[in-house]
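For the sequence shown, the numbering used here begins at 6 and goes up steadily by one.
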Amino acid sequence: MSRLHLAIQKSGRLADQSRELLKQAGIKVQDTKTGLTARATNFPLDLMLVRDDDIPTFVGDGVCELGIVGLNVLEEYRLGQDDDVEIIARLGFGSCKLMIACHENEAFEIASLEGKRIATSYPRMTRHFLAEKGIDAETVTMQGAVELAPRLGIADYVCDLVSSGQTLEANGLKPVDTVLESESVLVRTLKPVDGAMAELVDALKARTDGVIATSESKYIVLNAPENALADITRILPGAEAPTVMPLLGRQGQVAVQAVCRESVFWETLEELKVAGARDILVMPIEKMML
Ligand code: PRT
Ligand code: ZN
């Protein structure tokens, strides 16, 4: 029987959440002794535990049908060659931005980059960004500690990943322009796979889609006057067609139930109350099959 191969980061920022996604999808994983692979015990799936930089190559070559990788790593890979990997889901974790940064006191404008040196671990994306802006500048490729480059005199600017911004700040730098907004993505190979394998890919994707939808969704129940329904459905975040039922013995009052596909904040509840809603319940959803 066919088994799917999924490449995930062995250790690092995406490793735990990649495994958590599988766990949420009901897939139990057992590590092997080598530490290079792991095996699902209740789904036909083998994991390849690798460095994140190698994941696009594994998937592109078809060694793994699927992979979980940062969009930043994927896009850098894709700029170097023909399309052989396709994004099939955005996973919402590992968010960060690839940004140009300059000295904290500089009055930066994009033309400042002209003729300068930019240190980065993402030379293809940086050059692509510069070309789109019509800037002629040089990239200096570094594998790590990019933020030290200006201080060491290796480069004038950096193009690096930023999440909280603390690393840049600690090095006297500030982010000034965004090259890419990144998050982790589920990718599949564009190499042909047989029918049984294609079905497994679809089955795993359906489960991960369910996990993502569930984590973003809430089930809302409330009571309201019937004439407030238009306002209430407008306020409910990402709810398509709420269920509306009459309330026994309460003329003109209805119960509304809806799946909200976006975050439900306290502000939303306050707005609902102003619109006439009462007895508002917000409940987590455990599983969802779309
Ligand atoms: O060993 P392996 O090659 O697999 O791992 P790695 O060391 O190359 O990558 P890792 O584990 O550090 O990151 C994996 C992925 O996490 C990246 O490719 C991104 O998609 C994502 N990610 C999210 C980040 C960050 N946030 C992040 N902040 N990757 C790196 N950083 C670094 C950044 O390079 C900078 O040095 O964190 C520093 C900045 O953080 P702040 O919070 O100070 O701005
Ligand atoms: Zn890496």
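C-beta: ideal position from N, C-alpha, C; glycine also.
Source: prediction; values computed, not measured.
Per-residue DSSP class, three states only, for residue i
i, result
"I225", "strand"
"G72", "strand"
"D59", "helix"
"M104", "strand"
"Y82", "helix"
"P155", "helix"
"Q14", "strand"
"T39", "coil"
"D214", "helix"
"R266", "coil"
"L118", "helix"
"T172", "helix"
"D66", "coil"
"P128", "helix"
Integer Cβ distance of residue i from residue j, believed to fall under 8 Å
i, j, result
"M294", "A211", "7 Å"
"L54", "K15", "4 Å"
"L50", "R24", "About 12 Å; that fails the 8 Å criterion."
"E143", "R129", "With 8 Å as the limit, E143 and R129 do not qualify as a contact, their Cβ atoms being about 14 Å apart."
"V64", "V90", "5 Å"
"K179", "C107", "7 Å"
"D57", "V74", "6 Å"
"R193", "L71", "5 Å"
Residue closest to residue i, alpha-carbon to alpha-carbon, out of the options
i, options, result
"E267", "L286, E231, E245, G281", "E245"
"R255", "T273, A263, I105, A229", "A229"
"K102", "E188, T46, L241", "E188"
"V287", "E204, K223, E272", "K223"
"D182", "V249, I105, T125", "I105"
"T238", "A218, E186, L277, V167", "L277"
"T172", "V226, E109, V192", "E109"
"C69", "R132, E119, M6, K196", "K196"
"A124", "T42, D58, D88, Y162", "Y162"
"H133", "A263, G85, E174, L227", "G85"
"G177", "P242, P61, E111", "E111"
"I217", "L26, I13, A12", "L26"
"T62", "R83, T42, N47, G257", "R83"
"V261", "L71, V184, P247", "P247"
"V279", "L253, D236, L252, L79", "D236"
"L252", "F270, T273, L227", "L227"
Proximity test, Cβ basis, 8 Å: residue i and chain C
i, result
"V206", "Absence of chain C from the displayed structure is noted, only one protein chain being present."
Proximity test, residue i beta-carbon vs the ligand COA heavy atom, cut-off 7 Å
i, result
"L19", "Summarising the ligand content, the structure contains the ligand PRT and the ligand ZN and does not contain the ligand COA."
Please enumerate, following chain order, all residues with a beta carbon closer than 6 Å to at least one heavy atom belonging to the ligand ZN. R56, D57, D58
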